[in-house]
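Protein chains in written order, with the working numbering: chain W, 750 to 1087; chain Z, 6 to 266.
Below: the structure, in structure tokens.
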Amino acid sequence: MDYIIDVKELRKEFTSHSSRSGLKGAFRDLFTRNYTIKTAVDDISLQIKKGEMVGYIGENGAGKSTTIKMLTGILTPTSGHVRVNGMNPHKDREQFVRSIGVVFGQRSQLWWDIAVQESFRLLKKVYNVPDEFYNTHMADVIETLAIEPLLDKPVRKLSLGQRMRCELAAALIHNPPLLFLDEPTIGLDVLVKLKIREFLKEINAKYGTTILLTTHDLSDIEALCERVIMLDEGKIIYDGALRQLRENWGEGKQIQFSFAEEATHAELQSLTHDHLVVWDQGSNASNWTASVENNEDIISAVIGQVVGAKKIADLKIVEITTEEIIRNIYEEGAVRNG
Amino acid sequence: MSYLSIFFQYAGQYLKTRLTYRADMLVEIFSDLLFQAVNLIFILVVFGHTSLLSGWSKDEMVFIYGFFLVPFAIFGAFFNIWDFTDRYIVKGEMDRILTRPIHSLFQIILERMELESLFGVITGLGIMFYSGNKLGLSLHWYDPFVFVVLVAGGALVYAGIFVALASIGFWSDSKTDIMPMMYNIGNYGRYPVNIYNRIIRYVLTWILPFAFVGVYPSAYFLGRDEWYGYAFLTPVIGLIFFGLSVVLWNYGVTKYRGAGN
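Take a look at the structure:
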């Protein structure tokens, strides 16, 4: 089997009971309950090859974390087939987790009260890493992440960025071939983000580590991942190259106008009525954005028509960002489903 | 073997952390001792009025209490997971536990151990020697070994009941008062069961077998041969209850829902 992650029709349902309103309802709840089944992950299939860096994105509650938790053996799937590193994560849990590293951005792997290196030592014991390997491998990891000066500090005294770098090092103690990162850059400043991205690229190149990454920050994905998998309401709505996503969806350009006086939608619409232009109001009535096709003639014509009629304070042409592309996809996805 | 070495690594780390907070540790040991003293005084006061209770003398009662303290101390040091639901299920710490290559219950025992509870073993032994002396009990060469087996059995009974209760958290994370209630019921095990009515005696023997933590095994050392059958059943009951609780736990882990973020 070539795939490091091989998932077919994976499904996870959660049952919860919904309570009726009022005292009478509460009383009835004691005897009969209304159960509702919520499908968090809805028959998804995906394959990931060794050495790939894949971005796994979706809105809150789309089922990202649930998928990751099933792939790491934390949750038992309701149905479906999962093979990760050739094992069934939940069945062979203790054996399986030796072959993966996990970083949850909002949850620490390290012991709060003890020095970072003591945490590392405990984890080394837990993963039964031989001394020799630990010494050479960790020296390397510690150096690349520049956490040498933090090693003798207790975790509670570290800043978020420092802690995150230590978390990454902790997840790599046993040099796993597969790394799961759930929101690894949440709340970090730009410099630390850059450092972490650099590091991930490095271990990917050096050890061929496969990385599956969920994040809200699309710049992470742009910097790291060739491939994205997009999830909405528990279903995969896109699985493919990030580049292609941009080409297919990000054809247009946006022209941002700042007028010296206020403008109305109708007024602007009539100015540019002979082209296909979508006007959106910005932060106030004098800021407007025109979305147009990516065609020099049209762009020039629209600018010309607007500038000829209204006084301009500022003008900017921007390409549609990945973030907007994704928002568009989600909006269309919602239309399509509803 | 590797579990043992992991245990020592954790225990070493635990002591290191505790020693940096010396004051906390002293306060905890002191309050433990105070708690034990209050219980002992209670027994002494009760027996200030009568000298015999259902055929048990004051010194025998004190001896049973002393024995009870030993398995209870071991339980307190390793299986005191009354806050499991809150800490691991509601806060989602179980996620982290499940990404490590050691049995989940063992990891929680390692993380939640409170080694200072083991001081109770010393108090217990002291009380047993004191009252045993007054009773004129003599020690056989094999008694220390029997003692270890019976203490282990008693500790496993306690551990089994509390692990089973903690496992409920996998199905329902709502707050219950079942844990404190169970601590109270556990205390009944340190009095002779024949002072209770039949139903309570049955419950304390077969359903929540706390009697196997105190009175039954003590009967062996007190030479009460009418209870020997129960005394030797202690390790068996301990293994059965602990084994069942681990099965329940393992099944519970597959029902773990994770904390929503």
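Heads up, the beta-carbon is just placed ideally off N, CA and C, and yes, glycines get one too.
The model shown is predicted, which means the values in this text are computed figures rather than measured ones.
If you look at Ser-136/Z, you'll find it in the alpha helix (DSSP H) that goes 124-140. Annotation: Cβ neighbours of Glu-867/W in chain Z (cutoff 7 angstroms, chain order): Gln-18. For Ile-107/Z, the closest Cβ of chain W is nearer than 8 angstroms.
If you check each beta-carbon in the stretch 868-890 of chain W against every beta-carbon of chain Z, the ones closer than 7 angstroms belong to Leu-871, Lys-874, Val-875, Tyr-876 and Asn-877.
A Cβ-Cβ separation of about 7 angstroms places Asn-834/W in contact with Ile-849/W under the 8 angstroms criterion.
Relative to the Cα of His-766/W, the nearest Cα in the group Lys-773/W, Thr-785/W, Val-756/W and Ala-775/W belongs to Thr-785/W. Among the CB atoms of chain Z, none fall inside 8 angstroms of the CB of Ile-786/W.
Just measuring C-alpha positions, the residue of Asp-91/Z, Phe-83/Z, Met-118/Z and Ile-86/Z sitting nearest Thr-22/Z is Met-118/Z. DSSP places Val-95/Z within a helical segment (H, G or I) once states are collapsed to three. Using a Cβ distance threshold of 8 angstroms, Gly-829/W and Glu-758/W count as a contacting pair. The beta-carbon separation of Pro-197/Z and Ile-69/Z, rounded to 7 angstroms, stays under the 8 angstroms limit for a contact. In this structure, Val-790/W places its C-beta atom within 8 angstroms of the C-beta atom of Gly-812/W.
DSSP places Ile-69/Z within a helical segment (H, G or I) once states are collapsed to three.
Separation of the CB atoms of Phe-77/Z and Val-218/Z is rounded to 7 angstroms, and the pair is thereby assigned contact status at 8 angstroms.
In this structure, DSSP gives Val-878/W a state outside helix and strand, which the three-state scheme calls coil.
The shortest CA-to-CA distance from Leu-940/W to any of Val-851/W, Gly-910/W, Ala-1009/W and Glu-951/W is the one to Gly-910/W. CA-to-CA, the gap between Glu-231/Z and Ile-166/Z works out to about 27 angstroms.
For Arg-27/Z, DSSP records no beta bridge to any residue. In the three-state reduction of the DSSP assignment, Tyr-784/W falls in the strand class, which pools E and B.
Excluding residues up to 5 positions away in sequence, nothing lies with its Cβ nearer than 6 angstroms to the Cβ of Gly-60/Z in the same chain. Secondary structure note for Ser-828/W: its beta strand (DSSP E) is the uninterrupted segment 828-833. Using a CB distance cut-off of 8 angstroms, Ile-11/Z counts as an interface residue toward chain W. Residue burial is scored here from C-beta neighbours: Ile-1066/W has fewer than 16 other C-beta atoms within 10 angstroms and is therefore classed as exposed. Taken through DSSP and simplified to helix, strand or coil, Phe-853/W comes out as strand.
In the three-state scheme derived from DSSP, where H, G and I count as helix and E and B as strand, Phe-929/W is classed as strand. Chain-ordered listing is empty here: chain W has no CB closer than 9 angstroms to the CB of Arg-27/Z, the nearest sitting near 14 angstroms. Pairing Lys-799/W with Ile-753/W gives a Cβ-Cβ distance under 8 angstroms.
Glu-1042/W and Gly-1001/W do touch by the CB rule: their CB atoms are close to 6 angstroms apart, below 8 angstroms. Contact check for Phe-215/Z and Gly-194/Z: beta-carbon distance about 3 angstroms, within the 8 angstroms limit, so the pair qualifies. In the DSSP assignment, the residues bridged to Gly-989/W are Val-977/W. As computed with DSSP, Tyr-752/W is found in a beta bridge with Lys-798/W.
Secondary structure note for Thr-963/W: it is in no alpha helix (DSSP H), and the uninterrupted beta strand (DSSP E) holding it is 959-963. Listed along chain W is no residue with a C-beta nearer than 8 angstroms to that of Asp-88/Z; the closest approach is about 16 angstroms. Residue state for Ile-79/Z is assigned as helix, using DSSP reduced to three classes. A contact is defined here as three or more CB-CB pairs under 8 angstroms, and the stretch 900-918 of chain W meets this definition with respect to the stretch 850-867 of chain W. Here Asp-37/Z is buried, its C-beta having at least 16 other C-beta atoms within 10 Å.
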